[in-house]
Amino acid sequence: MQAALNTGAQCIEFDVHLSADEVPVVFHDSDVKRVTGSEGTIQEMTYSALKMLRASEPDRFAEKYSQEPVPSLEAVLALLKQWPNATAFVEIKTDTLKHFGVTHVVKIIMAALAEHQKHCVLISFDRTVLDHARKAGMLRIGWVVREWNAQAQTYAQALSPDFLFCNAEKIGKEDALWPGPWQWALYDIVDPDVALQWYNRGVELIETWDIGGMLADPRLAVEDVDDS
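If you number the sequence shown the way the numbering used here does, the last residue is 281 and the count never jumps.
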């Protein structure tokens, strides 16, 4: 995340689980094997145990990131203070919701985000999560759309989130983006031409795993922002 922000990303997206002792942890998978090389699941390990692991993806990067710890949400939010103009999209993972329950998880994550609402958007595939969060005072929410169909559009209109996320491949070339009060964010896009095509169709945010490659295209370059 720090590398992406240093490169020029104005927004980042990351996933959050709860450890066994209910500490919010920034981690993609529920199982720690792929990222750390160790055995176990986030929900069944205490945060003190998780802190001993390294989020290095050893099969992919060997020893390159061997000193990277498994970060807590608190640590990531503290880091983000260095980029006060950046926006963080915080996704609560489904496995954590199933393990601890929607109401309980939302309460914990909302407490963690309380002082960071200006810079954070809570996102989820689960509309119930977003409804709970909004009622609890979350200023901005984003729904991640699983299916591109009329029923999902109806759900979006009822929820009226600030952002709608969708896999770009699910949207047909001739389909119009659903109109509403939200901003569209599409993933996973790594081709500047494709990004610009979507921009011309009304998409304001593009999620990519190649921020450096995307911003290397002068058409996508952003003006320098003073984050001091």
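Positions of the beta carbon are idealized from the N, C-alpha and C atoms, including for glycine. As the structure is a computational prediction, the values presented were derived from the model and not from experiment.
**Under 8 Å between C-beta atoms of valine 182 and valine 143** = no
**Prompt:** Under the three-state reduction of DSSP, which class applies to phenylalanine 142: helix, strand or coil?
**Reply:** strand
**Item:** Cutoff 6 Å; reference asparagine 253; Cβ partners in own chain excluding five residues on either side
**Value:** none
**Request:** Tell me whether alanine 164 sits in a helix, a strand or coil according to DSSP, three-state version.
**Result:** helix
**Item:** Contact belief for tryptophan 251 with alanine 221 at Cβ below 8 Å, rounded distance in angstroms
**Value:** With a Cβ gap of about 7 Å, tryptophan 251 and alanine 221 count as contacting.
**Request:** Taking 8 Å as the cut-off, decide whether the C-beta atoms of aspartate 148 and serine 83 are in contact.
**Result:** Contact flag set, yes.
**Request:** Locate the beta strand (DSSP E) running through glycine 266, then write down its first and last residues.
**Result:** For glycine 266, no beta strand (DSSP E) segment is defined; the enclosing uninterrupted segment is the alpha helix (DSSP H) at 264-268.
**Asked** Would the beta-carbon of alanine 209 fall within 8 Å of that of tryptophan 237?
**Response** no
**Asked** So is threonine 99 buried or exposed if we call it buried at 16+ other beta carbons inside 10 Å?
**Response** exposed
**Asked** By DSSP, does glutamine 236 sit in helix, in strand, or in coil?
**Response** Annotated three-state conformation of glutamine 236 is strand, per DSSP.
**Item:** Neighbour-count burial assignment, tryptophan 196, 16 or more Cβ in a 10 Å radius
**Value:** buried
**Request:** State the Cα-Cα distance for the pair alanine 189 and serine 125, rounded to the nearest angstrom.
**Result:** Alanine 189 and serine 125: Cα-Cα distance of roughly 22 Å.
**Message:** Tell me which residues share the same chain as threonine 60 and place their Cβ nearer than 8 Å to its Cβ, disregarding the 5 neighbours each side in the sequence.
**Reply:** Ile264, Gly265, Leu268
**Asked** Where alanine 102 and glutamate 66 are concerned, what is the direct C-alpha to C-alpha distance, given to the nearest angstrom?
**Response** Rounded to the nearest whole angstrom, the CA to CA distance from alanine 102 to glutamate 66 is 25 Å.
**Request:** Check the DSSP bridge columns for valine 69 and list the partner residues they point to.
**Result:** Val79, Ile145
**Burial state of methionine 105 (16 or more Cβ within 10 Å)** = exposed
**Asked** How close, in whole Å, do the beta carbons of histidine 152 and glutamine 96 come, if the pair is a contact with beta carbons under 8 Å?
**Response** Yes, histidine 152 and glutamine 96 are in contact; Cβ-Cβ is about 4 Å, under 8 Å.
**Asked** If you drop the 5 nearest sequence neighbours on each side, which residues of the same chain put their C-beta closer than 7 Å to that of arginine 180?
**Response** Trp196, Tyr208, Leu212
**Prompt:** In this structure, does DSSP put threonine 156 in helix, strand or coil?
**Reply:** helix
**Asked** Run through DSSP, which three-state label would arginine 199 get?
**Response** DSSP places arginine 199 in coil when its eight states are reduced to three.
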